[in-house]
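Asks: Basically this note's numbering = 1-based index in the sequence shown + 38.
Every residue gets a Cβ at the ideal spot worked out from N, C-alpha and C, and that includes glycine.
Values in this document were obtained by computation on a predicted structure and should not be read as measured data.
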Amino acid sequence: ALRRSRIANYDLRWEWFPGADAVVAVSGFYKNFEDPIEVLVLPSTELIRSWVNAPEATNYGVELEMRSSLGIIAPALESLRFNGNLTLVESEVASGGISTVFIPNQGPVDLQTIDRDRALQGQSPYVLNLGLTWFSEGAGASASLLFNRFGERIDAVGRESSPDIYEEARNQLDLVLERSFGAFKTKLSMNRLLGNDVTFTQGGEVLRQYDRGRSVSVSVSWTPVR
39 ALRRSRIANY
49 DLRWEWFPGA
59 DAVVAVSGFY
69 KNFEDPIEVL
79 VLPSTELIRS
89 WVNAPEATNY
99 GVELEMRSSL
109 GIIAPALESL
119 RFNGNLTLVE
129 SEVASGGIST
139 VFIPNQGPVD
149 LQTIDRDRAL
159 QGQSPYVLNL
169 GLTWFSEGAG
179 ASASLLFNRF
189 GERIDAVGRE
199 SSPDIYEEAR
209 NQLDLVLERS
219 FGAFKTKLSM
229 NRLLGNDVTF
239 TQGGEVLRQY
249 DRGRSVSVSV
259 SWTPVR
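1) Is the stretch 132 to 142 in contact with the stretch 170 to 179, if contact means three or more CB pairs nearer than 8 Å?
2) Do you know offhand how far G169's Cα is from M104's?
3) If you check the beta carbons only, do V77 and G160 fall under 9 Å apart?
4) With distance defined between alpha-carbon atoms, name the residue in R191, G196, L183 nearest to D19.
5) How is the beta strand (DSSP E) around S65 delimited, first residue to last?
6) Judging by CA-CA distance, which residue of R156, V64, L166, G189 is the nearest neighbour of D49?
7) Can you tell me whether A132 is helix, strand or coil according to DSSP?
8) Helix, strand or coil: which one does DSSP assign to G241?
9) Sorted by chain position, which residues of the same chain lie with C-beta nearer than 6 Å to V214's C-beta, five sequence neighbours on each side aside?
10) Is Q240 closer than 9 Å to I203 when the C-beta atoms are compared?
11) Mind checking who D212 pairs with in its DSSP beta bridge?
12) Going by beta carbon distance, what residues of the same chain come within less than 6 Å of V263, once the five residues before and after it are set aside?
13) Could you tell me whether the stretch 66 to 77 touches the stretch 88 to 107, using the rule of 3 or more Cβ pairs below 8 Å?
14) Using only the alpha-carbon positions, how far apart do D59 and S106 sit?
15) Nearest CA to the CA of A92: which residue from L102, L149, L85?
16) If you follow the beta strand (DSSP E) that P262 is in, where does it begin and where does it stop?
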């Protein structure tokens, strides 16, 4: 019962290269969605999630990006590299009219939706990524500390008597260590070091909440020497 979505993208980017391995960039973007597909939640004795086509939506905003060795600050920091980007997004969706929803054990059903102002389902108003990497070519070793944060976003669109479900903003911090020993390369990844509480709210009340926990993985790869 879904129609294919089409997206027209328009981007304008300015870049400045203050060093051989450094870049500062500012990007502006505009995206127009035709028939965007969104997740819809239906009020019932059991939670029903389905998918619908909204008539249209737009995203527009700006992205700030920077990548550079910290050697531009002091030669002693040459082995440290910083990268980061911040995206700010305004999102609008046309949500009125008739939507066809597929309901389990019932099939396609036409539902009337109220025309109201809201963001596109799944779109955060901001996303922040930061990374700091240390590397040593002589030792064949590197360490990366990675941080991510996204803003509150609609997890599922509600109907007239059912408010939207929101996924609340959260942070994630990861650490990746790598070391080469001849033809062997080892990698240790530690994810969600600060924990990762995932919270969904509806009408200002907590709907469900859980901790994704932390994860640690170790891998060893071998590349034959030619």
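Replies: Let me spell this out:
1) no
2) Working through the sequence shown from its first residue, we reach residue 169 at position 131. Working through the sequence shown from its first residue, we reach residue 104 at position 66. If I take the Cα positions, the gap works out to 10 Å.
3) Taking the first residue of the sequence shown as position 1, residue 77 is located at position 39. Taking the first residue of the sequence shown as position 1, residue 160 is located at position 122. For V77 and G160, yes; Cβs fall inside 9 Å.
4) The requested residue 19 is not part of the displayed model; the chain covers only 39 to 264.
5) For the purposes of this step, residue 65 is taken as residue 27 along the sequence shown, with counting starting at 1. Element bounds for S65: 60 to 72.
6) Locating residue 49 in the sequence shown gives position 11, counting from the first residue. Selected option, being the one with the closest Cα: V64.
7) Taking the first residue of the sequence shown as position 1, residue 132 is located at position 94. Of the three classes helix, strand and coil, the one that applies to A132 here is strand, per DSSP.
8) The sequence position of residue 241 within the sequence shown is 203, counting from 1. Coil.
9) What you label residue 214 is simply residue 176 of the sequence shown in a count that begins at 1. Taken in chain order, the residues that qualify are S182, S227.
10) Start at 1 with the first residue of the sequence shown, and residue 203 comes out as number 165. Start at 1 with the first residue of the sequence shown, and residue 240 comes out as number 202. Cβ distance < 9 Å, so I203 and Q240 count as in contact.
11) Here residue 212 refers to the residue found at position 174 when the sequence shown is read from its first residue. Bridge partners of D212: L184.
12) In the sequence shown, counting from the first residue as 1, residue 263 sits at position 225. Closer than 6 Å at Cβ, skipping near neighbours: A221.
13) yes
14) Within the sequence shown, the letter at position 21 stands for residue 59. Within the sequence shown, the letter at position 68 stands for residue 106. Cα to Cα, D59 sits roughly 6 Å from S106.
15) To locate residue 92, count along the sequence shown from 1; it is residue 54. Answer by Cα proximity: L149.
16) For the purposes of this step, residue 262 is identified with residue 224 of the sequence shown, where counting begins at 1. Annotation: P262 is outside any beta strand (DSSP E) and is labelled neither H nor E by DSSP.
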